[in-house]
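So for the sequence shown, my numbering puts the first residue at 680; every next one is plus one.
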Amino acid sequence: MSEAVGNDAVAPTPPDNSPPPVIASLQQAFAKDLVEWRQAKDMLEIQVRTSALDAVARHLRDTPGLDFNFLIDQTAVDWLGQREVRFELVYHFWSLAHHRYLRLLAPVAEERCEAPSLYGLWKAADWYEREIHEMYGIRFSGHPDMRKLLMYPEFKGWPLRKDYSMKGRQPLIGPGSRQE
Numbered sequence: 680m681s682e683a684v685g686n687d688a689v690a691p692t693p694p695d696n697s698p699p700p701v702i703a704s705l706q707q708a709f710a711k712d713l714v715e716w717r718q719a720k721d722m723l724e725i726q727v728r729t730s731a732l733d734a735v736a737r738h739l740r741d742t743p744g745l746d747f748n749f750l751i752d753q754t755a756v757d758w759l760g761q762r763e764v765r766f767e768l769v770y771h772f773w774s775l776a777h778h779r780y781l782r783l784l785a786p787v788a789e790e791r792c793e794a795p796s797l798y799g800l801w802k803a804a805d806w807y808e809r810e811i812h813e814m815y816g817i818r819f820s821g822h823p824d825m826r827k828l829l830m831y832p833e834f835k836g837w838p839l840r841k842d843y844s845m846k847g848r849q850p851l852i853g854p855g856s857r858q859e
């Protein structure tokens, strides 16, 4: 069904049960890896299996008509005690061609605590992944340089984990504190 207002035609309205084109494309290419999706307030939110994260991200970036070519942000959430899988990676993408946002989610099990790096697709992932590793302990396989970014080398633990002890003590830093 389409409506016309004056000389401006409105695009056909898909049936209520048909998925958006992004979802249709992902269902066709990654049926077993697409966990769930929903329309959030101003963006589509898609959860995928972590093992397919890099392939899904490449598809979102390189598929004509999708063109999610700008990695805006990447972070993690610690769902300790609230969800079955403790950690979740959160990616925000923007399509410069279509002016659309997309949120990509990937669960990360505490036991393995690893996900594929997106550094090879977006150089912007470099410091995001280093920060997530440093704050949450999630490793990114394939990342070329996982050195600490924010904390000093002697710092122990992952300070943004919900079970990080605020009462604990860290090694002292400064002149004379290093044993050489």
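Heads up, the beta-carbon is just placed ideally off N, CA and C, and yes, glycines get one too.
{"query": "Burial state of Val-787 (16 or more Cβ within 10 Å)", "result": "buried"}
{"query": "Reference Glu-763, options Phe-772, Leu-723, Arg-782, Glu-790, closest by Cα", "result": "Glu-790"}
{"query": "Residues of its chain near Glu-724, where Cβ-Cβ distance is below 7 Å and the 5 sequence neighbours each way are ignored", "result": "Trp-716, Arg-717, Arg-782, Leu-784"}
{"query": "In chain order, each alpha helix (DSSP H) run of at least 4 residues that lies wholly inside the stretch 700-770", "result": "700-709, 732-741"}
{"query": "Segment limits, beta strand (DSSP E) that includes Ala-804", "result": "No beta strand (DSSP E) contains Ala-804, which is instead part of the alpha helix (DSSP H) from 804-815."}
{"query": "Boundaries of the beta strand (DSSP E) in which Phe-819 is found, first to last residue", "result": "818-820"}
{"query": "For Trp-801, the three-state DSSP class (helix, strand or coil)", "result": "coil"}
{"query": "Beta-carbon contacts of Leu-705 that lie in its chain and below 6 Å, excluding the five residues immediately before and after", "result": "Leu-713"}
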